[in-house]
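Report on the following structure.
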Amino acid sequence: MKLSTYTKLTLLVFTILLAGCKQKKDTTTLKLAHGLDPSHPVHKAMVYMAEELEKESVGKMSIEIYPSGQLGGEQQCVELLQIGSLAITKVSAAVLESFTPNYQVLGLPYVFRSREHHFNVMDGPIGEEFLNSTEQFNLKGLCFYDAGFRSYYSVNKPINTKDDLKGLKIRVMKSQTAMNMVKAMGGSPTPISWGELYTALQSGVVDGAENNPPSLHTSRHYEVCKYYTLNEHTCVPDVIIISTVVWNKLSEQEQKWLKAAAEKSVSKERELWHQAEEHALEIVKDAGMEIIIPDKEPFMKMVEPIYEAYKSQPEIYDLIQRIRNTK
76 MKLSTYTKLT
86 LLVFTILLAG
96 CKQKKDTTTL
106 KLAHGLDPSH
116 PVHKAMVYMA
126 EELEKESVGK
136 MSIEIYPSGQ
146 LGGEQQCVEL
156 LQIGSLAITK
166 VSAAVLESFT
176 PNYQVLGLPY
186 VFRSREHHFN
196 VMDGPIGEEF
206 LNSTEQFNLK
216 GLCFYDAGFR
226 SYYSVNKPIN
236 TKDDLKGLKI
246 RVMKSQTAMN
256 MVKAMGGSPT
266 PISWGELYTA
276 LQSGVVDGAE
286 NNPPSLHTSR
296 HYEVCKYYTL
306 NEHTCVPDVI
316 IISTVVWNKL
326 SEQEQKWLKA
336 AAEKSVSKER
346 ELWHQAEEHA
356 LEIVKDAGME
366 IIIPDKEPFM
376 KMVEPIYEAY
386 KSQPEIYDLI
396 QRIRNTK
């Protein structure tokens with residue numbers, strides 16, 4: 076990845092003040108930075124990981140956490156990992172598509188049938204392959220965190236069936252995979268930045284959007300949208316990644332301690348995320364939003380052509396089949 080101007084200007088400061096890994100006496104301290112608020116379940120899980128690491132290592136390792144974008148945005152943190160000036164960060168799996176094309180599979184609609192299926196895949200050998208697939212770019216995955224299922228929400232027209240999406244302008248991320256999904260379901264995909272979406276929904280630029288319950292809640296989009304259809308089309312996880320520059324400096328025992336702490340934090344994060352989802356759904360329902368539970372099967376059938384389009388890319392097509400065949 077080419078370094079941005081931001082990173083070039085701040086590199087010396089970070090290198091001097093916030094080296095990704097430092098040793099003081101008999102303690103190894105790792106620097107972790109991300110853009111989330113401290114109230115976010117993912118941040119809380121990271122705090123839990125730090126606590127577990129100190130327990131695992133009997134105080135010989137620690138993690139210092141810098142939330143809320145203190146050390147830059149997601150892109151800057153990834154760049155700092157690549158040069159070893161930061162040890163750990165959190166990214167959406169979608170971000171890693173630019174390094175390893177196989178990551179795009181995790182964003183395909185209904186590649187995961189359920190939350191249980193999703194966990195079985197990410198906790199198994201396929202998940203481990205993903206975690207190790209970016210090492211050539213100085214990035215190593217430690218574990219996957221649950222980021223929930225994304226579903227449709229709309230301003231005026233309820234989406235009860237697949238046919239209700241026809242003609243609706245649906246905001247999507249600037250992702251070809253997301254655009255193909257909405258097209259396959261009959262909607263009109265409209266890329267709009269997250270920060271501009273509230274106004275776009277309010278003014279009618281788009282008829283709806285799609286996201287997980289906590290994001291719907293914290294964005295306050297429920298103030299202008301009347302319906303939330305839990306069709307749960309995609310489930311793109313978050314990934315906790317570490318700089319291989321830092322990882323390779325750790326002893327084998329330190330690597331084991333860190334990996335164990337990260338894996339323990341996974342179940343904690345899933346518990347926290349589930350609580351956040353339930354809380355978010357209660358808030359939006361109390362605010363007057365109608366929650367719709369549709370039959371998912373017709374939605375699933377509509378996106379089958381998306382999978383078939385990958386036959387020209389055997390490696391990715393095989394990966395799709397392996398995921399879908401996982402029980």
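Note that this note's numbering has the sequence shown beginning at 76, numbered continuously upward. Every residue gets a Cβ at the ideal spot worked out from N, C-alpha and C, and that includes glycine. Bear in mind that the values here come from a model prediction, so they are computed numbers and not experimental data.
Within the region 209-268, the runs of beta strand (DSSP E) that reach at least 3 residues and sit entirely inside it are, in chain order, 214-220, 225-229, 244-247, 263-266.
In the three-state reduction of the DSSP assignment, His354 falls in the helix class, which pools H, G and I. Around the beta carbon of Glu379, fewer than 16 other beta carbons lie within 10 angstroms, which makes this residue exposed.
In this structure, the CA atom of Ala284 is about 22 Å from the CA atom of His349. Note: Val314 is bridge-paired with Val166, Phe219 in the DSSP secondary-structure output.
Taking a cut-off of 8 Å for Cβ pairs, the region 149-164 and the region 205-224 touch, as three or more such pairs fall below it.
Assignment of His308 by DSSP, reduced to helix, strand and coil, places it in the strand class. Residue ranges of uninterrupted alpha helix (DSSP H) with 4 or more members, entirely inside the region 361-394 and ordered along the chain, are 371-377, 379-383.
Assigned with DSSP and collapsed to three states, Cys96 falls in strand.
In the three-state reduction of the DSSP assignment, Ser137 falls in the strand class, which pools E and B. DSSP places Thr401 in the coil class of the three-state scheme, outside both helix and strand. In the displayed model, Tyr123 falls within a helix according to three-state DSSP. If you ignore the 5 residues before and after Gly144, its C-beta comes within less than 7 Å of the C-beta of Gly110, all in its own chain and listed in chain order.
Taking a 10 Å sphere around the C-beta of Ser226, we find 16 or more other C-beta atoms and assign the residue as buried.
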